[in-house]
Amino acid sequence: MQRYNHKKIEAKWQKVWLTKKAFLAKDFSKKPKKYILVEFPYPSGAGLHMGHLRPYVAGDVYSRFQRMRGYEVVFPIGWDAFGLPAENYAIKMGVHPSITTAQNVKNAKKQMLSWGLSFDWSREINTTDPNYYKWTQWLFLQFYKKGLAYEATGLINWCPKDKTGLANEEVIDGKCERCGTVVEKKELRQWYLKITAYAEKLLEGLKNLPEWPSAVKLQQENWIGKSVGAEISFPVIMSGYNQRRHSEGAQPTEESLKPNFLILHGRNGSPDSHLFPWIKSELENKGFKVQAPLMPNTQEPDDEEQAEFVLKNCKMDENTVIVGHSFGGVVALRLLEQGVRIKKLVLVSTPFSGKFLDNKPRPSVTKACKKGFDFKKIKQNAKQIGLLFDTSDYVVPMSDGESFAKNLNVPLVKARGQEPHFSGLKEPEVLSSIIPSIKVFTTRPDTIFGATYMVVAPEHPIIENSKLKIENWEDVQKYIESSKKKSEMDRSSEGKEKTGVELKGIKAINPATKEDIPVWVADYVLWGYGTGAIMAVPAHDERDFEFAIKYNLSITDVISKPEEVRMISVAIPPVPYVGPGVLKNSGEFSGMKSEDAIPKMAAAFGKATTQFKLRDWVFSRQRYWGEPIPIIHCPKCGIVPVPEKDLPVKLPNVKKYEPTGTGESPLAAIDKWVNVKCPVCKTSAKRETNTMPQWAGSSWYWLRYTDPKNKKSFADLKKQKYWTPVDVYFGGMEHTTLHLLYSRFWNLFLYDQGLVSSREPYSKRKPHGIILGPDGEKMSKSRGNVVNPQHIVASHGADTLRMFELFLGPHEDTIAWNDKSVVGVKRFLDRVWNYTNISNYVDSKVTDERVSNALHKLIKKITEDIESFSFNTSISAFMSFLKEVYKTNEELIESKSASEREIGKKNIIALGLPITKKDLKKFFILLYPFAPHVSEELYQLIGGKKTLQLEKWPEYDEAKIIDETVEIVVQINGRIKGKLIVDTGSGQDQVSAQALELEAVKQALVNEIVKRTVFVPNRLINFVV
RNA sequence: GGGGACGUGGCGGAAUUGGCAUACGCAUCAGCUUUAGGAGCUGACGCCCGCAAGGGCUUGUGGGUUCAACUCCCACCGUCCCCACCA
């Protein structure tokens, strides 16, 4: 008998599988498909570790099982190879990332093959392959075309060590997800993907994923963070005088007289289009007089002609506020140049340079702009000037706004319009630039009568915009500075005592009570959520209460607590009541219940809205080793996408990769690459030098697997239709609010574009628990507790490694590494080997009934366990089975011939109960998904001709599972008194009679009357006395 | 502070429409075999009392429902994960 040589047989079968291409998945096969996916790895220099093994082995067991069950299975793999480690290594060693990546891929692939994983290697992909990232770039451009990829300057998370911006999802406890450095805030120009536009769909979609664990769904739900409430504007009034002398001519300005409004539309506009009807009615509802003339020659307007027209037809005085939208702003400026004196001028997206981002000619506008402006006169004739520009404008550049701001010496307000160029039907930003107000989001509009003060976040533009009116500007500025620093510190360790400073000189009006209330700046209000401002209701909000107590702000109770709450809350010190109740001190709403008042009051004072915690996805990184963002910046045309025919935009091969730390990518220093001709106008332009985040390539990779070689599209729709959605996706819990959310977003978007065939990418998600080091700590190189799986492959073999890993515990549980039981699994496989090699049993004509019974039970158990991913109990079941059929048995030894008996006794070789080849084969099929190499080898040994992969999964016979007799537990009052062996299916009368004969039962029932008998067939009988 | 998962021998763990708690494996002990080591084989192995027969206790703690609770309900204690001043 040969010894079980794992090295030899594993190498042999791995070669057979490769050369026979045993695991190739066939497109459009007649069989039903199963798409089984594991998260593709980042090929690091350290190789694959136990953390990779777990989902891969689980996926492999599942794939091999499903192939034998008659499915066309695709089980693909690839490499998520862009990212920081390769780049950091390149910086340190001077080796190009593409070289280290190729080496690491080679090594990791070798490991995977050594584990016997049944991947379809013909579908292997690599995110750093230009043939792959061409399509990542192409997909990015689809987002851009639909306005879901945009460029904006904002305060973003910045890792000072990796010198790159980070997405919200990549910041864990205020630290960089990659390197653990405390993240800073930095103002940077960034690309964003507008994932917030899909917040509702991402949330809705979760409802149609019944096979996702609720923990995963809940975590995504919390991350998206929907809350329903109301948006309410609080008008802001400023004291009548500028407190700070900001220029020579500053004069005290009376503001008590009511303003009137003149609205001038732009080119191709009319007072009946876009935002104008809405603005007009909003202003008129507040009791203001509004003029909104239809200008002459709107197609190709002439600024002088239109100014003359306004002078002739409109009334203007020192209380007039002129609002000029786009070209209307140019006309307004002409009016002031001609000596019209007004109260306030508001320019909304008004052109200055005469150049446009979309590069379309607008000769009349350009001509008007080229004349220039007399800013000195304009400043003299308008007491106040406001500037509002749209960050998503694709016609009028932001630099025009900056030019106005510089020449007029007034702050520029940058805001995002509902539509680009503030051309939506309602544009609240425009309205608030005309009459300043602070917009708040609240989930409790029913408490508005209790709003006794307001708080804005330190970043709130109202502060900068009303700089000149704020009396205690130094204090305010000092506070803003200190809170900026605070956010860089580890705030969790500090007590969260609230601090703030009142903005003196400005007041807000509570729209419900009409009272003046103070406005504070405090960093307990976050700029990143809602509107960055709150109405503070100290009586009914814990944070507002704490703040009000500290700064002695007034507290108005507007909710009557329910009786039962009042009874138990005799709290000292007093606490705010935050629950619902009945309104009081709330004017006409007094007496209503919170739930009824909320929608009514939301409508009365503002409008019902929904807020999400989800932020837009910061999609650019200032690093080398990533997909270049396929965009060109042209001084004439602005942002120009790289034409599809020019994709991919390849990463240049360079010697220096160091991040600059300036917020520019290292690519910016490569002149030859950066300088290009604009694809539209052919003038000198520059490439976008930021690269995409690591999550880009993985946001669509499962689609590429369906059609990995396609040169014409990212994946043929017919092939997608056959393979997608993914049936089971194995992966880590840590990706729940990263990759898993991002890729759902991409898929939902592409589905809306008709580019993918299934709405959701993954039908079932199967997360796995992490494997801790032997010390119970998370495995990491720095702790030195990393376990290399290759050691076990070498010492005990891949089959042992696989089964051992599965045997550690339930797939979802976190487990500490403990390699002591490796030998237990190896012993088991040795015994399987030995059992098979006792040839006389292999040659049996019949299978022993005990074996047959055990085998059919095993078929049932393994089938059910794989389907429910309970791999650990499968391994137990195999061991129990072998124990049943393979043991030293005196009776068995006696039945042998004398010489055999002698051998048997002398070597104490355990002997097996008889089993036929046919049944033994069934056992090998069951074992095959778990220990494929040894199963193949043993099957061949007993005469098998083809790979087990082509065999059919066995069915179990219900009749063979039923035991002839069963043990029945006899209880009195639920306490065990004895046991009985009876025929399976025995009735109560028979069992009861036998049970009452038991000595222990007889004794216990002396002087007792059985009141009731509980009988569970084949299980127990319980006498209640 | 909010949300979620969980708590069973010396250890990893098994058992859920409520029905023999501790399967399977590791470790430990004893026996056989072996020149030895190892491997293999056989057996014991939750805790307490007892020479034994036997008895009592036991699934984080306390209560409840039930003929019967690891399993269901309530309260508490503890561990882990996620989010965290989210208006």
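In short: position in the first sequence from 1, add 2, done, that's our numbering. Glycine included, every Cβ here is placed at the ideal spot set by N, Cα and C.
From the options, residue whose alpha carbon lies closest to that of residue i
i      : options                         : result
Asn677 : Pro654, Gln973, Lys658, Ala24   : Pro654
Leu940 : Thr838, Arg746, Thr21           : Thr838
His852 : Trp522, Ile963, Met297, Val728  : Rather than His, the amino acid found at residue 852 in this sequence is Arg. With distances taken between Cα atoms, Arg852 lies closest to Ile963.
His423 : Leu204, Asp729, Val350          : Val350
Ala514 : Ser562, Ala459, Ser588, Lys488  : Ser588
Leu803 : Met114, Lys345, Gly271          : Met114
Trp702 : Ser759, Gln942, Ser468          : Ser759
Glu284 : Phe263, Met297, Gly268          : Phe263
Phe871 : Val458, Val59, Lys947, Asp319   : Val59
Ala154 : Val457, Lys35, Asp618           : Asp618
Phe236 : Leu119, Pro438, Arg191, Pro45   : Pro438
Pro460 : Pro447, Lys486, Ala453, Ser435  : Lys486
Trp117 : Val292, His798, Lys165          : His798
His51  : Leu998, Pro212, Leu774, Ile1011 : Leu774
Distance between beta carbons of residue j and residue i, contact taken as under 8 Å
i      : j      : result
Pro681 : Val644 : 7 Å
Asp801 : Ala933 : 4 Å
Phe67  : Trp725 : Actually they are not in contact, since the Cβ atoms of Phe67 and Trp725 sit about 19 Å apart, beyond 8 Å.
Ile519 : Tyr455 : 5 Å
Met735 : Arg623 : At roughly 25 Å, the Cβ-Cβ gap does not stay under 8 Å, so Met735 and Arg623 are not in contact.
Phe25  : Phe121 : 7 Å
Asp82  : Ser782 : Not quite, the Cβ-Cβ distance comes to about 20 Å (not below 8 Å), so this is no contact.
Glu957 : Thr986 : At roughly 22 Å, the Cβ-Cβ gap does not stay under 8 Å, so Glu957 and Thr986 are not in contact.
Tyr6   : Trp835 : 4 Å
Sequence-distant residues of the same chain with beta carbon closer than 8 Å to residue i, five excluded per side
i       : result
Thr739  : Glu171, Gln221, Gln222, Trp225
Thr1015 : Gln990, Ser994, Ile1023, Asn1024, Phe1025, Val1026
Ala309  : Val333, Arg336, Leu337, Gln340
Thr198  : Phe614, Leu616, Arg617, Asp618
Rounded separation between residue i and residue j - CA only
i      : j      : result
Ile895 : Lys920 : Any answer about Ile895 is weak, because its pLDDT of 48 lies below 50 and its placement is not dependable; what the coordinates show is given next. Spanning the two alpha carbons is a distance of roughly 24 Å.
Ala384 : Ala151 : 38 Å
Asp492 : Glu339 : Below a pLDDT of 50, predicted positions are generally treated as unreliable, and Asp492, at 44, falls in that range; the measurement from the model is reported next regardless. Taking the straight line joining both Cα atoms gives about 54 Å.
Ser899 : Val824 : Low confidence applies here, because Ser899 scores a pLDDT of 45, under 50, leaving its location unreliable and the question unanswered by this model.
Trp15  : Lys658 : 45 Å
Cys639 : Glu499 : 50 Å
Pro303 : Phe278 : 18 Å
Val323 : Ile174 : 48 Å
Gly628 : Thr300 : 47 Å
Val230 : Ile158 : 26 Å
Asp709 : Lys28  : 11 Å
Ala217 : Phe732 : 15 Å
Tyr553 : Val503 : 9 Å
Extent of the continuous beta strand (DSSP E) to which residue i belongs
i      : result
Trp819 : Looking at the DSSP string, Trp819 is not in any beta strand (DSSP E), and its letter there is neither H nor E.
Arg2   : A question about residue 2 goes unanswered here, because the residues of the chain that appear run from 3 up to 1027.
Lys768 : 767 to 770
Ile840 : Segment: none, Ile840 is in no beta strand (DSSP E) and carries neither H nor E.
First and last residue of the uninterrupted alpha helix (DSSP H) at residue i
i      : result
Cys371 : 365 to 372
Tyr753 : 741 to 754
Glu206 : 201 to 208
Lys219 : 216 to 226
Neighbourhood of residue i by C-beta, 6 Å cutoff - its chain only, sequence neighbours within 5 removed
i      : result
Glu431 : Ala417
Cys636 : Val642, Cys680, Ala687
Pro399 : Leu359
Lys471 : Met240, Gly507, Ile508
Lys859 : Ile963
Pro132 : Pro650, Lys652
Asp62  : Leu119, Ser120
Cut-off 7 Å between Cβ atoms - residues of its own chain near residue i, not counting five sequence neighbours on either side
i      : result
Met569 : For Met569, the pLDDT reaches just 49, beneath the cut-off of 50, and the residue's location in the model is therefore unreliable, leaving the point undetermined.
Glu814 : Pro769, His770, Gly771
Val185 : Asn159, Trp160, Cys161, Leu168, Val173, Gly176, Lys177, Cys178
Heavy atom of the ligand ADP within 7 Å of residue i beta-carbon
i      : result
His542 : The ligand ADP is absent from the structure shown, which contains no ligands of any kind.
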